[in-house]
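Novice:
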Amino acid sequence: MITLLQLLVIAAPIFQVITASDPDPLQDFCVADLTKDLTLNGYPCKRAANTTTEDFIFSGLRNSGNTSVPTGAAAVFGFVQDYPGLNTLGLGIARLDWAPGGLIPPHTHPRGSEIIYVVKGSLYAGFVTTQNQLFARVISKGDVMIFPRGLIHWQLNVGNTTAMAIVTLDSQSPGFQLIANSMFGSDILDEVLVKTFFIDENAVRQLKATFS
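Read left to right, the sequence shown gives residues -20 to -1, 1 to 192 (mature numbering (1 follows the signal peptide of the UniProt record, and there is no 0)).
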């Protein structure tokens, strides 16, 4: 019979995989050398002798993104590809801006949990669990909300003015996958989409034309 100690030893690697985010760094810092290929634990390190203070500063969030788009919202990302100092640190940041009525559509971050801090405005924000349970309400200036890793979530500006928020994630490269774009902007067979969404082929073709 397997003892409790043996069971814990067997299960330990599984729990580590489940609970881990980005791997822990093995040095003080490892500024990404973006001229090299991505590896399992991020990018190779830039030589310490060539590292400067500027490698740890990112000014990309000073200005808003372009909200003059159909969704009326924009995201400016500070992930490792744009902010090399994040390499191996398990962190990411972004600025989100909304025009009145703007929407960050339902999406997921497959490799990161997210926390949002509302700087300006009011947002209807929420996420849906794997059991289809909804957690959503209006959050306003000064509020903070968590979106667990991999779950579908969104933010809609329900105010009469522009809105802005800062989000942080526990990954230097959390991924960003828009649900509608993934379904209708790819080459999935029409039959799959017809049966999944209970719509006809004409509707599928129209949606594919919109998202392609």
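Note that CB positions come from ideal geometry on N, CA and C, so glycine has one too.
1) Decide yes or no for the touch test of the region 35 to 46 against the region 73 to 92: beta carbon pairs closer than 8 angstroms, at least 3 of them.
2) Ignoring anything shorter than 3 residues, give me the beta strand (DSSP E) runs that lie fully in the region 49 to 84, in order along the chain.
3) Under a three-way DSSP split, which group does residue 161 fall into?
4) On the three-state DSSP scale, how would you describe residue 16?
5) For residue 175, report the span of its beta strand (DSSP E) as first-last.
6) For residue 128, collect the residues of the same chain with a Cβ closer than 6 angstroms to its Cβ; drop the 5 residues on either side in sequence, then sort them by chain order.
7) Buried or exposed: where does residue 57 fall if 16 or more other Cβ atoms within 10 Å of its Cβ makes it buried?
8) Quick one: Cα of residue 178 to Cα of residue 172, how far?
9) Can you find at least 3 beta carbon pairs, one from the region 126 to 144 and one from the region 94 to 113, that sit closer than 8 angstroms?
10) If I follow the unbroken beta strand (DSSP E) through residue 26, where does it start and stop?
11) With residue 148 as the anchor, note down where its beta strand (DSSP E) starts and where it stops.
12) Determine the extent of the beta strand (DSSP E) in which residue 135 is found, giving its start and end residues.
13) If we count Cβ pairs, one from each stretch, closer than 8 angstroms, do we get three or more for the region 61 to 71 versus the region 24 to 40?
14) Hey, quick one: how far does the beta strand (DSSP E) through residue 115 stretch, first residue to last?
15) Of the residues 71, 96, 138, which one's Cα is nearest the Cα of residue 80?
16) Mapping DSSP to helix, strand and coil, what is residue 88?
17) Tell me whether residue 49 is buried or exposed, calling it buried when 16 or more other Cβ atoms sit within 10 Å of its Cβ.
18) Using a Cβ-Cβ cutoff of less than 6 angstroms, which residues in the same chain neighbour residue 187 once the five nearest sequence positions on both sides are dropped?
Specialist: Looking at the coordinates:
1) In short, these stretches touch, since the Cβ pair count reaches three.
2) Those beta strand (DSSP E) runs which fall completely within the region 49 to 84 and span 3+ residues are 53 to 58, 72 to 78.
3) DSSP places residue 161 in helix when its eight states are reduced to three.
4) The three-state reading of DSSP puts residue 16 in coil, since its state is none of H, G, I, E or B.
5) No beta strand (DSSP E) contains residue 175, which is instead part of the alpha helix (DSSP H) from 170 to 177.
6) If we look at residue 128 and ignore the five residues flanking it on each side, its Cβ neighbours are 93.
7) Counting the other Cβ atoms within 10 Å of the Cβ of residue 57 gives 16 or more, which makes it buried.
8) Their backbone Cα atoms lie some 10 angstroms apart in a straight line.
9) Yes: at least three Cβ pairs fall under 8 angstroms.
10) No beta strand (DSSP E) holds residue 26; DSSP gives it neither H nor E.
11) From DSSP, the beta strand (DSSP E) with residue 148 extends over 143 to 149.
12) Annotation: the continuous beta strand (DSSP E) that includes residue 135 extends over 132 to 137.
13) Cβ pair count under 8 angstroms is three or more, so yes.
14) Unbroken beta strand (DSSP E) run through residue 115: 114 to 120.
15) The shortest C-alpha separation from residue 80 is found at 138.
16) In the three-state reduction of the DSSP assignment, residue 88 falls in the strand class, which pools E and B.
17) In summary, residue 49 is exposed, with fewer than 16 beta-carbon neighbours lying within 10 Å of its beta-carbon over all protein chains present.
18) Answer for residue 187: 164, listed in chain order.
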